[in-house]
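Just below is one structure, and these are the notes that go with it.
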Amino acid sequence: MHILVTGGAGYIGSHTCVALLEAGHEVTVLDNLCNSSAVALERVQEIAGKPLAFIHGDIRNPDDLDRALQGGADAVIHFAALKAVGESCEKPLAYFDNNIGGTIALLQAMERAGVRRLVFSSSATVYGEPDTVPVTEDAPLRATNPYGRTKLVMEQLIGDCCQAVPEMGAVLLRYFNPVGAHPSGRIGEDPAGIPNNLMPYIAQVAVGRRERLQVFGGDWPTPDGTGVRDYLHVMDLAEAHVRALEFGRDQAGARAINVGTGRGYSVLELVRAFEQASGKVVPYDVVGRRVGDVAELWAEPALAEALLGWRAQRGLATMCADAWRWQAGNPQGYDGP
Ligand SMILES: NC(=O)c1ccc[n+]([C@@H]2O[C@H](COP(=O)([O-])OP(=O)(O)OC[C@H]3O[C@@H](n4cnc5c(N)ncnc54)[C@H](O)[C@@H]3O)[C@@H](O)[C@H]2O)c1
Numbered sequence: 000m001h002i003l004v005t006g007g008a009g010y011i012g013s014h015t016c017v018a019l020l021e022a023g024h025e026v027t028v029l030d031n032l033c034n035s036s037a038v039a040l041e042r043v044q045e046i047a048g049k050p051l052a053f054i055h056g057d058i059r060n061p062d063d064l065d066r067a068l069q070g071g072a073d074a075v076i077h078f079a080a081l082k083a084v085g086e087s088c089e090k091p092l093a094y095f096d097n098n099i100g101g102t103i104a105l106l107q108a109m110e111r112a113g114v115r116r117l118v119f120s121s122s123a124t125v126y127g128e129p130d131t132v133p134v135t136e137d138a139p140l141r142a143t144n145p146y147g148r149t150k151l152v153m154e155q156l157i158g159d160c161c162q163a164v165p166e167m168g169a170v171l172l173r174y175f176n177p178v179g180a181h182p183s184g185r186i187g188e189d190p191a192g193i194p195n196n197l198m199p200y201i202a203q204v205a206v207g208r209r210e211r212l213q214v215f216g217g218d219w220p221t222p223d224g225t226g227v228r229d230y231l232h233v234m235d236l237a238e239a240h241v242r243a244l245e246f247g248r249d250q251a252g253a254r255a256i257n258v259g260t261g262r263g264y265s266v267l268e269l270v271r272a273f274e275q276a277s278g279k280v281v282p283y284d285v286v287g288r289r290v291g292d293v294a295e296l297w298a299e300p301a302l303a304e305a306l307l308g309w310r311a312q313r314g315l316a317t318m319c320a321d322a323w324r325w326q327a328g329n330p331q332g333y334d335g336p
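Just so we're aligned, residue 0 is where the sequence shown starts under numbering that gives the first Met the number 0, counting upward by one.
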């Protein structure tokens with residue numbers, strides 16, 4: 000298939016491009032590089048040993064979208080979005096414009112081009128503070144911050160379009176906590192500024208870029224008092240997209256599917272596993288809880304197995320070893336020497 004990947008230069012997008020090329024698909028990436036580097040795409044092609052097409056443009060720009068779809072795409076994988084929860088509280092309009100506005104523009108361009116297949120990057124954030132864990136897809140949906148609201152609204156917009164156009168099909172992948180890197184160490188997570196996510200923060204402390212880790216909350220009702228999340232290797236997540244494309248091929252309507260391992264680890268378990276993988280000490284301070292955080296969140300991944308034939312293959316030690324290989328080989332990320 001020929002796949003348009005919006006946001007394909009980003010963290011999850013770049014790993015998914017490798018998996019798509021390796022599965023024999025043709026790939027066009029549309030990315031404005033607002034949170035990524037074109038170097039990632041050079042490395043994707045180097046790893047896969049195959050070329051991809053890159054359009055430096057914005058999903059809110061109809062001309063850029065038409066150009067990206069003009070080769071006749073069979074499906075779109077839509078990663079492009081702003082994703083920092085804290086920033087979304089400070090600049091909600093920027094998030095509504097980029098994420099929701101961008102998704103509307105994309106759906107309009109797909110309609111113009113007659114493209115009917117979509118795989119969408121949703122998030123476990125749409126469950127807000129869940130009543131029980133593991134979380135199943137039919138759990139109540141609620142947003143607790145503007146970023147989460149954009150994901151929820153985007154899911155609903157896509158669902159409405161699928162209702163209106165019977166031939167349209169969308170797979171809404173609700174990711175839990177993607178971490179790790181490609182085993183080559185050539186691509187990985189390269190956050191701009193202070194990392195919002197735990198694993199890149201730990202990795203930057205281990206490599207000496209930051210002094211200490213702050214652990215938000217040591218008094219959660221969890222076995223060691225720190226928050227518990229469902230960490231998922233980014234290559235497992237990338238492979239879930241390839242499966243979702245195959246599943247979505249003859250599927251009409253919108254289908255939400257959790258992508259997680261079904262097992263939670265605490266912050267301190269992740270720190271210990273990273274120390275083991277890297278041979279480095281990661282000093283940390285336990286500080287107050289962060290507003291909007293939840294004690295524990297992990298997925299019920301049975302639907303992904305039933306519908307996509309997918310289940311996570313890589314464990315915590317591999318996630319940490321691969322993240323460390325990337326960080327140690329690229330201490331300043333893609334912009335480094
Ligand atoms: N990383 C996570 O923990 C996580 C968890 C759940 C869901 N998601 C979702 O997965 C998707 C990818 O996340 P990621 O971690 O790879 O983020 P990322 O920031 O690394 O990748 C997003 C990419 O989209 C591009 N982009 C943003 N706005 C754009 C626009 N208007 N036009 C063109 N390109 C644009 C950015 O330059 C970047 O390359 C996002 O939709 C995110 O909300 C991520």
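For every residue, glycine included, the Cβ atom is placed at its ideal position computed from N, Cα and C.
Remember, predicted model here, so these are calculated numbers, not experimental data.
Distance cut-off 6 Å: residue i Cβ against heavy atoms of ligand 1
i: S35; result: yes
i: N144; result: no
i: F53; result: no
i: K90; result: no
i: S120; result: yes
i: K279; result: no
i: G328; result: no
i: L32; result: yes
i: I256; result: no
i: I103; result: no
i: N97; result: yes
i: A8; result: yes
i: F273; result: no
i: Y200; result: no
i: R174; result: Residue identity check: residue 174 is Tyr in the sequence provided, not Arg. True, at least one ligand heavy atom lies under 6 Å from that Cβ.
Straight-line Cα distance separating residue j from residue i
i: T225; j: G291; result: 15 Å
i: L20; j: R42; result: 13 Å
i: W323; j: V178; result: 11 Å
i: R211; j: V270; result: 12 Å
i: H1; j: E25; result: 5 Å
i: L92; j: D223; result: 38 Å
i: G192; j: Y200; result: 10 Å
i: Y126; j: V134; result: 8 Å
i: I157; j: R115; result: 11 Å
i: V355; j: L29; result: With the chain represented from 0 up to 336, any question about residue 355 goes unanswered, as that position is not in the structure.
i: E337; j: R262; result: Lying outside 0 to 336, the shown extent of the chain, residue 337 is not represented and no answer is given.
i: A6; j: N31; result: Position check: residue 6 holds Gly in this sequence, whereas Ala was assumed. Roughly 8 Å between the two C-alpha positions.
i: A298; j: S265; result: 14 Å
i: R313; j: D235; result: 7 Å
i: Q107; j: C160; result: 10 Å
i: V280; j: L197; result: 15 Å
i: I186; j: R288; result: 32 Å
i: G113; j: D130; result: 40 Å
i: C88; j: N98; result: 14 Å
i: P61; j: G278; result: 49 Å
i: W325; j: P165; result: 44 Å
i: G12; j: P182; result: 16 Å
i: A255; j: E274; result: 35 Å
i: D65; j: L3; result: 11 Å
i: P190; j: A180; result: 13 Å
i: R111; j: M153; result: 19 Å
Residues sharing a beta bridge with residue i, DSSP
i: A169; result: L117, A253
i: F53; result: V28
i: Y126; result: Y126 pairs with nothing; no bridge assigned.
i: N176; result: Y230
i: E295; result: V227
i: V4; result: V28, I76
i: Y283; result: L212
i: V134; result: A298
Within 7 Å, strictly: CB atoms of residue i and residue j
i: T124; j: G101; result: no
i: G184; j: G328; result: yes
i: G259; j: P220; result: no
i: A276; j: A311; result: no
i: T27; j: A52; result: yes
i: V214; j: V170; result: no
i: A72; j: A237; result: no
i: F175; j: L231; result: yes
i: P282; j: V206; result: no
i: A316; j: W309; result: no
i: F246; j: L306; result: yes
i: G168; j: Q44; result: no
i: F78; j: G9; result: yes
i: I54; j: A104; result: no
i: Y333; j: S36; result: yes
Item to check | Segments of 3+ residues assigned as beta strand (DSSP E) that fall wholly inside the region 199 to 266 | outcome: 212 to 215, 230 to 232, 252 to 258
Item to check | alpha helix (DSSP H) runs contained entirely in the region 298 to 334, provided each spans 4 or more residues | outcome: 315 to 328
Checklist entry - Which residue spans inside the region 74 to 98 form an unbroken beta strand (DSSP E) run of at least 3? => result 74 to 77
Checklist entry - Unbroken alpha helix (DSSP H) runs of length 4 or more, entirely within the region 136 to 165: which are they? => result 145 to 163
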